[in-house]
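Trainee: Numbering (the working numbering), first residue to last: 14 to 602. Just so you know, even glycine gets a beta-carbon here, dropped at the ideal spot from N, CA and C.
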Amino acid sequence: MKVLVVGSGGREHALVWKIARSPSVKKIYCARGNAGISTLAECVNISAEDIKGLCAFAQNKKIDLTVVGPETPLTLGIVDLFSAQKLSIFGPGKEAAAIEGSKVFAKKLMDKYHIPTGKYEVFTSTNKAMAYLKKAAFPLVIKADGLAAGKGVIVAQSYEEGVAAVDLIMQKKAFGEAGNRVIIEEFLEGEECSFMAVTDGKTVLPLATSQDHKAIFDGDRGPNTGGMGAYSPAPMVTPQLHKQIMEEVMQPTIKALAAEGRPYRGVLYAGLIIKEGKARVLEFNGRFGDPEAQPVLARMKSDLVETMQAAIDGTLGGLSIDWDPRPAVCVVMASQGYPGNYEKGKVIQGLATVSKMKDVIVFHAGTVRKDNHIITSGGRVMSITALGSDHKQAIERAYEAVGRIKWEGVYFRKDIGRKALKNQGSSPLVGIVMGSDSDLPIMVETTSVLKKMDIPYELTIASAHRSPQRTHEYAQKAAERGLEIIIAGAGAAAHLAGVIASETTLPVIGVPINSSALNGLDSLLSTAQMPPGVPVATMAIGKAGARNAAIFAAQILSLKYPRIAEQLRKHKVEMAQEVEEKANRLGPV
């Protein structure tokens, strides 16, 4: 296959990098590309907005697949133009791309089809917008209707800031024609995250979750940018939240666009605000996010070309995507002054050193090659993306690489990924259920091991006999809430583990507890003797079993989480050292 990628940023470098790994691809072109892309593709000097020139090039070179990176050519109708010439192209048509091209259209669509978002008003008159601000409660969000490279959103904390924002957008035309209309909407509190999915117009196939950092300064302060960094996965998106996003946002939006006669194929990006476990939409984009694409594509193990071709052909239904379980973190390095005025032409140093680092990828954005040097040519210059066994290691590895790359006036945020570390500990992976609070002295052995291995857990009481409804509800909703394993400790009749196992598809580990005259043998048999089809992994009686339950849970989780596998390796080493020390203390007998 011959593939043409349209665009010249970090997202497009990530796309070219991933496409180059497809066994079906023999040649890649990129318009216009950058210094980094030029090592993988032939760069052609055609603007992303020159859709007729791109179409002529694709016809002349007999391009098999065109992939559109930025939003502008999509809203200009590049997909419609290519499709009319029987050229295969990945992305939404002009009518569907209005989901990003017009914030007013997107808001009205969400209103009509009951897709969760904030309240808003639309204004074409500066005077009417100003009059509305006089009676409004702040903070408010003021947005230019059209495309503004991710910078046309202003959070106004006061009336004065609101007036300045409306004046900037509508009177001074800071974003050109995009500011002919403004939306003034309620400020939604919560934490932002990004959610992308590939769709063929019917099937919606979610990509790995991610979280962007839009503000220029640490702590999410300062004006918005195109994005200063991202990471994937986003721990805050629990399975329960993922389900809500798919069922209440992504799938209804694709159905709504189809109902409006605007069938959508390509990547749909939802910028979301999360509060109390529920998502509402801030904005939609009609393409891969930048910089979210960088860490997401770095983790994608499946063939991207195959996925995009299935979306174009309408055969996405039978497809799935495999992901590297390791997190990826992307730190954007920018020119001093961005998102305002900045200087170009600065020589970049350190790239050769970083290229030798394991699990680090340098995606170029605003770079050009001149006189055997790589020099800066844009606001966002490059995206340093690193994989790690956990978010912490990925962050450390990314910033180690960032520290080795230098140019005059380089700027980057120093807190990319910090939210992941905060959220990682807030979502329990293991649920520990006790039949009674009298079981706590035994089950603290489980919690101590999980704490040592940094595995988040929750602890609760539910009795199979005294509170059957509570037990049933806990088991039925456990997976939905993000739990991946349940450990149940109970004595005597000890039906707790079995009852839970009958109500969930999660693995259940049973810990028999000595709480009767039979010294725990009754609870051991009750836990182990399960009927066919309802297995419980039964541990030893008492504290030893409680500790082993935690270790066994860690072994299961280590298949998915490399950082837990590392903790288990350390545990094995420590056990061996303990035995060695005891043997040494014993001495000759």
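#1: Only counting runs of 3 or more residues, tell me where the beta strand (DSSP E) segments fall wholly within the region 314 to 371, in order along the chain.
#2: Looking only at DSSP bridge pairs, what is Pro525 linked to?
#3: Return the bridge partner residues of Asp450 from the DSSP annotation.
#4: Taking the continuous beta strand (DSSP E) assigned at Leu285, which residues delimit it?
#5: Might you give, ordered along the chain, the residues of its own chain that have their beta carbon closer than 8 Å to the beta carbon of Leu496, omitting 5 neighbours on each side?
#6: Asn237 by DSSP, collapsed to three states: which one?
#7: Please report the residue range of the beta strand (DSSP E) in which Met143 lies.
#8: For Val360 versus Ile388, is the C-beta spacing smaller than 8 Å?
#9: Classify Leu220: buried if its beta carbon has 16 or more other beta carbons within 10 angstroms, exposed otherwise.
#10: Looking at Met543 and Gly504, is the spacing between their C-beta atoms short of 8 Å?
#11: So the beta strand (DSSP E) Glu593 belongs to, where does it begin and stop?
#12: Let me know the secondary structure DSSP gives Val375 once reduced to three states.
#13: Does Glu273 come out as helix, strand or coil in the three-state DSSP assignment?
#14: Is DSSP giving Pro545 helix, strand or coil here?
#15: So, are the CB atoms of Cys68 and Phe103 less than 8 Å apart?
#16: Quick check: what's the CA-CA separation for Tyr603 versus Ala501?
#17: Inspect the beta-carbon positions of Ile374 and Gly242 and report whether they are closer than 8 Å.
#18: Using the beta-carbon count (16 or more within 10 Å), is Val592 buried or exposed?
#19: Under 8 Å, do Leu87 and Ala269 count as touching if we go by C-beta distance?
#20: In three-state DSSP terms, what is Phe136?
#21: Report the rounded CA-to-CA distance for Gln580 versus Cys343, giving the unit in angstroms.
#22: So, at 7 Å on beta carbons, what are the nonlocal neighbours of Gln257 in its own chain, with the 5 sequence-adjacent residues on each side left out?
#23: Find out if the Cβ-Cβ distance for the pair Ala553, Thr517 is shorter than 8 Å.
#24: Relative to the C-alpha of Met259, which residue among Gly302, Pro236, Thr212 is closest?
#25: For a quick check, are the C-beta atoms of Lys39 and Met14 less than 8 Å apart?
#26: Check this for me: beta carbons of Val521 and Gly558, under 8 Å apart or not?
#27: In this structure, how does DSSP classify Thr473 when only helix, strand and coil are distinguished?
#28: Provide the residue(s) that pair with Thr209 in DSSP beta bridges, ordered along the chain.
#29: DSSP beta-bridge partners for Asp225?
#30: Hey, how far is the Cα of Gly331 from the Cα of Phe301?
#31: For Ser402, count neighbouring Cβ atoms within 10 angstroms of its own Cβ and tell me buried if that reaches 16, exposed if not.
#32: I'd like the list of long-range same chain contacts for Cys56, defined as Cβ closer than 7 Å, with 5 residues on each side in sequence excluded.
#33: I'd like the list of long-range same chain contacts for Lys65, defined as Cβ closer than 6 Å, with 5 residues on each side in sequence excluded.
#34: Rounding to the nearest angstrom, what Cα-Cα distance links Ile397 and Phe376 in this structure?
#35: On the three-pair Cβ rule with 8 Å, is the region 200 to 207 touching the region 275 to 295?
#36: If you draw a straight line from the alpha carbon of Ile474 to that of His404, how long is it in whole angstroms?
Mentor: Reading it off the structure:
#1: Considered as a whole, the region 314 to 371 harbours 341 to 348 as its complete beta strand (DSSP E) runs of no fewer than 3 residues, in chain order.
#2: In the DSSP assignment, Pro525 is bridged to Ala503.
#3: Under DSSP, Asp450 shares a beta bridge with no residue.
#4: Note, Leu285: beta strand (DSSP E), 279 to 288.
#5: Excluding residues within five positions, the ones whose Cβ falls inside 8 Å are Pro441, Leu442, Val443, Gly444, Glu471, Leu519.
#6: In this structure, Asn237 counts as strand in the three-state DSSP scheme.
#7: Here Met143 belongs to no beta strand (DSSP E); instead the alpha helix (DSSP H) covers 139 to 147.
#8: The Cβ atoms of Val360 and Ile388 sit closer than 8 Å to each other.
#9: Its Cβ being crowded by 16 or more others within 10 Å, Leu220 is buried.
#10: Against a cut-off of 8 Å, the Cβ pair of Met543 and Gly504 comes out as no contact.
#11: For Glu593, no beta strand (DSSP E) segment is defined; the enclosing uninterrupted segment is the alpha helix (DSSP H) at 575 to 599.
#12: Residue state for Val375 is assigned as strand, using DSSP reduced to three classes.
#13: The answer is coil: DSSP assigns Glu273 none of H, G, I, E or B.
#14: In the displayed model, Pro545 falls within coil according to three-state DSSP, outside both helix and strand.
#15: Taking the C-beta atoms as reference points, Phe103 is found no nearer than 8 Å to Cys68.
#16: A query on residue 603 cannot be resolved here, the shown segment of the chain reaching from 14 to 602 and no further.
#17: Pairing Ile374 with Gly242 gives a Cβ-Cβ distance that is not under 8 Å.
#18: It is exposed - the Cβ of Val592 has fewer than 16 other Cβ atoms within 10 Å.
#19: It is not a contact, given that the beta carbons lie outside the stated cut-off.
#20: Phe136 falls in the strand class under three-state DSSP.
#21: Inter-residue distance for Gln580 and Cys343 is about 25 Å (C-alpha atoms, whole angstroms).
#22: Hits under 7 Å: Lys291, Ala292.
#23: No, the Cβ-Cβ distance between Ala553 and Thr517 is not below 8 Å.
#24: Checking every option, the nearest Cα to that of Met259 belongs to Thr212.
#25: Taking 8 Å as the cut-off, the Cβ atoms of Lys39 and Met14 count as close.
#26: If you check the CB distance, Val521 and Gly558 do not come in under 8 Å.
#27: Of the three classes helix, strand and coil, the one that applies to Thr473 here is strand, per DSSP.
#28: The question names Thr, yet the displayed sequence has Met at residue 209. Bridge partners of Met209: Tyr282.
#29: Note: Asp225 sits in a beta bridge opposite Ala243.
#30: Their backbone Cα atoms lie some 22 Å apart in a straight line.
#31: Under the 10 Å beta carbon count, Ser402 is surrounded by 16 or more other beta carbons and is classified as buried.
#32: Closer than 7 Å at the Cβ level, and outside the excluded window around Cys56, lie Cys43, Arg45, Gly46, Ile50.
#33: So no residue of the chain qualifies.
#34: Ile397 and Phe376: Cα-Cα distance of roughly 6 Å.
#35: The region 200 to 207 vs the region 275 to 295: in contact.
#36: Between Ile474 and His404, the C-alpha separation is close to 32 Å.
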